[in-house]
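Undergrad:
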Amino acid sequence: MLGSNGPQESFNSTWTWTAAIGLVTLLVTVYFSVDQLRKRKKATEAKRLKPDYDLLDEVVVVLGKLEALPAQKADLAPLSELRSRIKQAERRSPDLPFGEVVARIDVYQKTVLPDCFGKKLTSKRVTLDELLELSRQQGATLAEVRVACDAVQVEIDRRTI
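Just so we're aligned, residue 6 is where the sequence shown starts under the numbering used here, counting upward by one.
1) So for Leu61, helix, strand or coil by DSSP?
2) Below 8 Å between beta carbons: does that hold for Leu60 and Arg90?
3) Does DSSP put Ala148 in a helix, in a strand, or in coil?
4) Would you mind giving the Cβ-Cβ distance between Leu2 and Pro75, rounded to the nearest angstrom? I have them listed as a contact below 8 Å.
5) Quick one: what's got a C-beta closer than 6 Å to Ala148's C-beta in the same chain, skipping five residues either side?
6) If you reduce the DSSP assignment to three classes, tell me which class Leu74 lands in.
7) Just how far apart, CA to CA, sit Lys52 and Pro99?
8) Applying the 10 Å Cβ sphere with the 16-neighbour rule, what's the burial state of Asp134?
9) Nearest to Cys154 by alpha carbon, out of Gln93, Gly104, Ala145?
10) Quick check on the burial criterion: 16 or more other C-beta atoms within 10 angstroms. Buried or exposed for Tyr113?
11) Using only CA atoms, which one of Pro102, Ser140, Leu139 lies nearest to Val152?
12) Per DSSP, Leu118 forms a beta bridge with which residues?
13) Closest to Arg141 by C-alpha separation, out of Thr116, Thr165, Arg164, would be which residue?
14) Leaving out the 5 sequence neighbours to the left and right, which residues in its chain are closer than 8 Å to Gln77 when beta-carbon positions are compared?
15) Identify which residue in Asp111, Lys55, Gly69 has its Cα closest to the Cα of Arg97.
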């Protein structure tokens with residue numbers, strides 16, 4: 006007989022259960038540590054991007070005021086100031102599509118009605134059709150600026166929530 010009838014050595018069941026519980030504890034601890042790091046990173050990113058998010062809210066408020074009137078060059082001063090702040094935000098976060106918002110604002114600024122358009126209309130220098138076309142373009146461009154602002158805010162939300 007090649008084998009012996011002596012006791013065979015095996016794992017002690019107490020040590021096996023202890024090792025299994027230790028491994029599960031280690032895995033749970035690692036998971037929650039990584040999750041906390043991820044949440045902390047997102048919170049830091051949200052804190053960094055909050056001023057830019059609020060800036061886009063300001064742009065939407067100004068656009069709401071502009072849509073109630075036929076915009077002339079003098080009416081665009083608040084929007085021009087916000088445009089420069091958006092360009093600064095674009096430099097801080099080049100991976101966000103702030104450039105699209107700036108481009109849409111530039112297009113809107115090209116659709117302003119001429120100064121004293123009422124007098125020009127009565128003097129026949131500008132036709133009513135031209136003014137109506139500029140007004141239509143203003144409305145369409147305002148909608149495009151809003152869509153661009155929403156797209157940036159959605160991207161910020163995606164990164165921070």
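Where a beta carbon is used, it is the ideal one built from N, C-alpha and C, also for glycine. All figures in this text were calculated on a predicted structure; none of them were measured in a lab.
TA: By the coordinates alone:
1) Three-state DSSP puts Leu61 in a helix.
2) Contact flag set, yes.
3) Helix.
4) Examination of residue 2 is not possible in this model, given that the chain is present from 6 through 166 alone.
5) Spatial neighbours of Ala148 in its own chain (CB-CB distance under 6 Å, excluding positions within 5 residues in sequence) are not present.
6) In the structure shown, Leu74 sits in coil (DSSP, three-state: anything other than H, G, I, E or B).
7) A direct Cα-Cα distance of roughly 17 Å separates Lys52 from Pro99.
8) Asp134 is classed as exposed because its beta carbon has fewer than 16 other beta carbons within 10 Å across all chains shown.
9) When each option's Cα is compared against that of Cys154, the closest is Gly104.
10) Classified as buried, Tyr113 has 16 or more neighbouring CB atoms from the shown chains inside 10 Å of its CB.
11) With distances taken between Cα atoms, Val152 lies closest to Pro102.
12) In DSSP, Leu118 forms a bridge with Gln77.
13) Ranking Thr116, Thr165, Arg164 by CA distance to the CA of Arg141 puts Thr116 first.
14) If we look at Gln77 and ignore the five residues flanking it on each side, its Cβ neighbours are Val117, Leu118, Pro119, Asp120, Phe122.
15) Put simply, of Asp111, Lys55, Gly69 the residue whose alpha carbon is nearest the alpha carbon of Arg97 is Lys55.
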